[in-house]
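What follows is a short report on a single structure.
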Amino acid sequence: MAKKIAVETTLNGEETVFLCEPRQTLLEALRDNLGLIGSKEGCGNGNCGACNVLLDGVLVNSCLVLAPEIEGRSVVTIEGIAEDGQLHPLQQKFLEHASLQCGICTPGFIVSSKALLDDNPSPSEHDVRLWLAGNLCRCTGYDKIVRAVLDVAEGDA
Amino acid sequence: MQALDYVAPNNVDEAISALADGGDRARPLSGGTDLIAQLQEGRLGLDTIVDLKRIPELMAISVSSDSLTIGASVSCHTINSNQSVRDAYPALIDSTHLIGGTQIQGRASLGGNLCNSSPAADSIPNLIAHSVTCHIAGPNGRRSVAVEDFCTAPGRNVLGNGEFLVALEFPTPPANFGAAYLRFIPRNEMDIAVVGAGASVVLSDDKNTIQSARVSLGAVAPTPLFVQEAGDALAGQPVSEETLATAAELAKDAARPISDMRGTIPQRKHLSAILTQRALRIAIDRARGTKTVDELGRLNGHG
Numbered sequence: 024m025a026k027k028i029a030v031e032t033t034l035n036g037e038e039t040v041f042l043c044e045p046r047q048t049l050l051e052a053l054r055d056n057l058g059l060i061g062s063k064e065g066c067g068n069g070n071c072g073a074c075n076v077l078l079d080g081v082l083v084n085s086c087l088v089l090a091p092e093i094e095g096r097s098v099v100t101i102e103g104i105a106e107d108g109q110l111h112p113l114q115q116k117f118l119e120h121a122s123l124q125c126g127i128c129t130p131g132f133i134v135s136s137k138a139l140l141d142d143n144p145s146p147s148e149h150d151v152r153l154w155l156a157g158n159l160c161r162c163t164g165y166d167k168i169v170r171a172v173l174d175v176a177e178g179d180a
Numbered sequence: 053m054q055a056l057d058y059v060a061p062n063n064v065d066e067a068i069s070a071l072a073d074g075g076d077r078a079r080p081l082s083g084g085t086d087l088i089a090q091l092q093e094g095r096l097g098l099d100t101i102v103d104l105k106r107i108p109e110l111m112a113i114s115v116s117s118d119s120l121t122i123g124a125s126v127s128c129h130t131i132n133s134n135q136s137v138r139d140a141y142p143a144l145i146d147s148t149h150l151i152g153g154t155q156i157q158g159r160a161s162l163g164g165n166l167c168n169s170s171p172a173a174d175s176i177p178n179l180i181a182h183s184v185t186c187h188i189a190g191p192n193g194r195r196s197v198a199v200e201d202f203c204t205a206p207g208r209n210v211l212g213n214g215e216f217l218v219a220l221e222f223p224t225p226p227a228n229f230g231a232a233y234l235r236f237i238p239r240n241e242m243d244i245a246v247v248g249a250g251a252s253v254v255l256s257d258d259k260n261t262i263q264s265a266r267v268s269l270g271a272v273a274p275t276p277l278f279v280q281e282a283g284d285a286l287a288g289q290p291v292s293e294e295t296l297a298t299a300a301e302l303a304k305d306a307a308r309p310i311s312d313m314r315g316t317i318p319q320r321k322h323l324s325a326i327l328t329q330r331a332l333r334i335a336i337d338r339a340r341g342t343k344t345v346d347e348l349g350r351l352n353g354h355g
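In structure tokens, the structure reads:
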């Protein structure tokens with residue numbers, strides 16, 4: 024087995040050092056080594072978006088990132104979305120619109136939606152649906168998710 | 053995933069050494085959206101991953117008077133976010149906006165899309181339409197290859213042992229140049245092309261004659277196809293539906309697709325003509341700086 028590597032990163036705003044095997048994905052390191060189990064493994068091959076995180080502010084599938092790659096970089100996971108114990112507006116609106124059922128896809132949708140609103144604070148419905156095309160939900164039919172995101176966007180405008 | 057070593061060289065020479073040390077069981081990594089997925093599925097037996105993203109040359113976008121050079125590991129997201137690239141190369145953005153979803157574009161690189169060498173890769177017909185040159189480094193030094201000669205079979209290309217793609221060089225478009233990429237998929241997003249078509253034109257100063265053109269097709273042969281005869285047939289011809297239809301027929305003749313779960317041979321042949329014609333219309337529109345193409349890709353409502 025390959026030797027473990029020490030990785031220094033900024034994780035949800037905090038300087039963090041962790042050990043990982045070079046073969047581990049960022050998703051595995053987050054869940055198994057760091058105890059951050061909010062990011063979910065849906066497909067494990069980049070199709071479903073349940074593991075979405077922000078890597079230097081850019082939306083990525085953490086199942087398709089090797090953990091050693093994040094050396095010196097900044098990662099925000101679903102655990103870093105709420106601030107000061109207050110739900111992020113997206114989290115609040117997902118609750119109000121009942122935008123989840125089983126909840127497995129929800130962390131990915133919240134992180135992906137945050138990346139959208141960071142990029143474009145007032146998206147159209149088409150923009151939201153296009154942006155979220157890489158996040159799969161098998162329960163809700165997407166409408167409630169799209170409405171929640173648009174509600175936050177309109178709230179910001 | 054199997055155990056492996058990870059190295060992240062800081063320059064091209066270190067990367068060449070790392071790949072040479074690892075031999076057949078070492079592979080370069082850029083965005084990982086193909087490579088890591090293949091590793092997860094156990095389809096590759098590797099011992100060493102050589103991450104190229106710490107090498108400045110592979111992560112740079114540089115513009116000179118002659119060309120635009122995009123480092124092989126630059127992500128689609130970075131390309132999409134670059135306003136000068138968006139302005140000068142709208143057809144490139146046609147492709148980089150189509151490769152996977154937002155979270156794939158955050159990592160997937162143009163160079164990786166080429167090196168994965170899928171017959172259906174969404175960037176390659178476009179790179180061919182733009183006459184891109186591939187710059188390669190390896191144990192025997194550097195060399196360059198025209199992009200239409202890069203892919204050799206499904207998943208295979210001209211890269212030899214220990215070689216890797218460094219950058220893609222786009223010649224600066226001449227005056228009155230326009231290009232476009234279109235693909236057909238049965239859904240709105242997130243699918244693999246049934247057929248893809250890239251086209252570019254250079255028009256005369258009055259913008260009514262096609263001086264030269266290039267046409268390329270994806271997903272209709274073992275490699276992306278450069279349909280040189282279609283472009284040649286357009287050279288010197290007036291901009292007209294009849295001219296474009298001639299080129300479209302030549303593209304259809306050049307296509308030699310298979311039938312599979314995504315489409316049949318007759319459907320793909322048909323789409324090769326339709327998409328070539330529509331891509332040419334958009335390319336002409338962009339060359340003219342006008343908007344004669346409607347939302348269905350029809351020139352002045354025709355087709």
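Chains as they are written, first to last, in my numbering: chain A, 24 to 180; chain B, 53 to 355.
Cβ coordinates follow ideal geometry from the N, Cα and C atoms, glycine included.
- Sequence-distant Cβ neighbours of K105 of chain B in its own chain, meaning closer than 8 Å and more than five residues away, are A60, L81, S82, M111 and S125.
- Beta-bridge partners assigned by DSSP to S119 of chain B: B:P223.
- Within the segment 169-246 of chain B, the complete beta strand (DSSP E) segments of 3 residues or longer fall at 185-190, 193-198, 203-205, 216-223 and 229-236, listed in chain order.
- Here G95 of chain A has E31 and T32 as same chain residues with Cβ atoms under 8 Å from its own Cβ, once five neighbours each way along the sequence are excluded.
- When the alpha-carbon of I326 of chain B is set against those of B:E293, B:T148 and B:Q92, the nearest one is in B:E293.
- Closest in alpha carbon position to A72 of chain B, among B:G283, B:I101 and B:Q92, is B:I101.
- A73 of chain A has a beta carbon lying at 8 Å or more from every beta carbon in chain B.
- Contact between S62 of chain A and I101 of chain A holds, since their C-beta atoms are separated by about 6 Å, short of 8 Å.
- For G75 of chain B, no Cβ of chain A is located within less than 8 Å of the residue's own Cβ.
- Distance between D139 of chain B and V254 of chain B, taken at the CA atoms: about 17 Å.
- Distance between K167 of chain A and H120 of chain A, taken at the CA atoms: about 6 Å.
- E93 of chain B is positioned such that its CB atom lies no closer than 8 Å to that of N75 of chain A.
- If you draw a straight line from the Cα of A67 of chain B to the Cα of S127 of chain B, it is about 19 Å long.
- Residue-level contact check: A156 of chain A touches chain B, since one or more beta carbons of chain B fall below 8 Å from its beta carbon.
- With a threshold of 8 Å between beta carbons, R159 of chain B makes contact with chain A.
- Of the residues B:L56, B:R79 and B:A55, the one whose Cα lies closest to the Cα of F216 of chain B is B:R79.
- Residues of chain A with a Cβ closer than 7 Å to the Cβ of M242 of chain B are, in chain order, A156 and G157.
- Chain-ordered listing is empty here: chain A has no CB closer than 7 Å to the CB of T148 of chain B, the nearest sitting near 14 Å.
- For A52 of chain A and C43 of chain A, the gap between their C-alpha atoms comes out near 7 Å.
- Within the segment 90-111 of chain A, the residues whose Cβ lies closer than 8 Å to some Cβ of chain B are P91, E92 and E94, listed in chain order.
- Using a Cβ-Cβ cut-off of 8 Å, V88 of chain A is close to G84, I88 and R159 of chain B, given in chain order.
- Per DSSP, V137 of chain B is one residue of the alpha helix (DSSP H) stretching across Q135 to A140.
- The shortest CA-to-CA distance from L179 of chain B to any of B:T85, B:G250 and B:S311 is the one to B:G250.
- The CB of S145 of chain A never comes closer than 7 Å to any CB in chain B; the least such distance is about 17 Å.
- With the criterion set as a beta carbon lying under 8 Å from some beta carbon of chain A, the members of the segment 93-126 of chain B are E93, I101, D103 and K105, in sequence order.
- In the three-state DSSP reduction, G69 of chain A falls in the coil class, being neither helix nor strand.
- Between R320 of chain B and V267 of chain B, the C-beta gap is not smaller than 8 Å, which leaves the two residues out of contact.
- A:K137 is the residue among A:K137, A:S122, A:G126 and A:C125 whose C-alpha sits nearest the C-alpha of L78 of chain A.
- Not flagged as an interface residue toward chain A: Y233 of chain B, since no C-beta distance is shorter than 8 Å.
- Unbroken alpha helix (DSSP H) stretches of 4 residues or longer found wholly inside the segment 252-310 of chain B: 280-286 and 293-306, given in chain order.
- Runs of the alpha helix (DSSP H) lying entirely within the segment 64-110 of chain B, each at least 4 residues long, are 64-74 and 87-92 in chain order.
- For V88 of chain A, there is no enclosing alpha helix (DSSP H), as DSSP marks it with neither H nor E.
- Residue pairing of Q319 of chain B in beta bridges, as defined by DSSP: absent, with no partner found.
- A distance below 8 Å separates the beta carbons of V247 of chain B and R235 of chain B.
- Listed by position along chain B, the residues whose Cβ is nearer than 7 Å to that of N56 of chain A form an empty set, because the closest Cβ is around 15 Å away.
- Contact with chain A is absent for I262 of chain B, since none of that chain's Cβ atoms lies less than 8 Å from the residue's Cβ.
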